[in-house]
Amino acid sequence: MTPALVATSHGTSSPAGRRAVAALVEAVRRRLPHVQVHDAFVDVQTPTPDDVVAHLGRPAVVVPLLLAPGFHVRVDVARAASAPGCTAAATLGPDDRLVGVLVRRLLAAGACDEDVVVLASAGSSDPVAQACFETVARDLSAAIGQIVPVGYVGGTGRPLADVVAAARVDGSDRRVVATSLLLAPGFFQDRVAAADVDVVTRPLLDDGPVDPRLVDLVVDRYAAAVTTSPAQRGWSGTG
């Protein structure tokens with residue numbers, strides 16, 4: 036039995052954010068026509084991954100549409116994935132494909148070599164998540180040829196406002212560009228947009244076409260988890 040894919044995002048009250056995430060999940064459905072793909076959310080929206088898994092009655096892989104490990108992965112995703120025949124996939128980050136999308140967003144925003152680039156993240160109190168964001172920053176630094184510091188608009192870690200202030204301390208007239216390490220429009224993207232920066236890139240997902248690299252990433256996370264799924268070792272369900 037092919038495990039279902041439970042695409043689990045954070046959830047948002049932003050209509051634009053909901054459309055953006057839904058577009059990613061729909062793109063995954065088109066890529067995997069023989070797999071049941073279900074939406075789930077750890078906050079704000081319903082159903083929860085627990086509810087989805089409980090109603091499936093079949094093997095499933097809970098794929099977190101989250102950029103780094105953290106509370107929701109340790110608690111919500113892990114709890115849903117503990118059901119018989121289920122397993123959890125890795126988070127979307129860190130991954131070179133995220134960096135590729137970030138570079139594309141910078142180019143689309145008109146960023147140039149003379150700009151100072153900072154990476155804007157929602158943040159987390161989880162040190163593993165923070166290390167993940169720092170890894171993305173290092174990889175982005177290598178990709179664009181300048182050191183890219185990370186600033187947070189939530190959780191713990193160095194606030195974005197402090198990172199931007201440090202970028203402006205030399206008194207030069209170089210623009211400061213905040214590249215958004217956020218999955219979709221919503222509360223945190225609004226906080227990034229309110230920062231004292233000259234340019235803010237769009238989040239990884241928006242109302243435009245879904246970048247194929249993000250679809251690839253979700254599909255690959257699912258495929259990797261399927262190989263270790265309890266369903267592959269024999270599951271008592273039928274269907």
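Under the numbering used here, the residues of the sequence shown are numbered 36 to 274, in order. The beta-carbon is built from N, C-alpha and C at its ideal position, and this holds for glycine as well.
- If you draw a straight line from the Cα of Arg132 to the Cα of Arg210, it comes to about 26 Å.
- Checking the DSSP bridge columns, you'll see Asp74 partnered with Ala42.
- Inclusion of Pro84 and Thr37 in the CB contact set at 8 Å is not warranted, their separation being larger than that value.
- Ala55 sits in a helix when the DSSP states are folded into three classes.
- In this structure, the CA atom of Asp208 is about 19 Å from the CA atom of Leu141.
- Rounded to the nearest whole angstrom, the CA to CA distance from Leu240 to Ser117 is 29 Å.
- Here the C-alpha atom of Thr214 lies approximately 10 Å from the C-alpha atom of Val151.
- By a beta-carbon distance limit of 8 Å, Leu154 does not contact Leu127. Their separation comes to about 15 Å.
- Under the DSSP assignment, Pro99 falls outside any alpha helix (DSSP H), being part of the beta strand (DSSP E) whose first and last residues are Ala95 to Pro99.
- Put simply, of Pro68, Arg53 and Val63 the residue whose alpha carbon is nearest the alpha carbon of Pro220 is Arg53.
- Comparing C-alpha distances from Leu101 to each of Arg64, Ala157 and Gln71 shows the shortest one belongs to Ala157.
- Between the alpha carbons of Gln80 and Thr47 lies a distance of about 7 Å.
- Here Ala229 is exposed, its C-beta having fewer than 16 other C-beta atoms within 10 Å.
- Close CB contacts of Pro50 within its chain, under the 8 Å cut and outside five residues either way in sequence, are absent.
- Using a 10 angstroms sphere on the CB of Thr122, the tally of other CB atoms reaches 16 or more, which defines it as buried.
- DSSP places Thr170 within a helical segment (H, G or I) once states are collapsed to three.
- Burial state of His69 is exposed, judged by a 10 Å Cβ sphere holding fewer than 16 other Cβ atoms.
- From the listed residues Ser160, Ala200, Gln71 and Val232, the smallest Cα separation to Ala144 is found for Val232.
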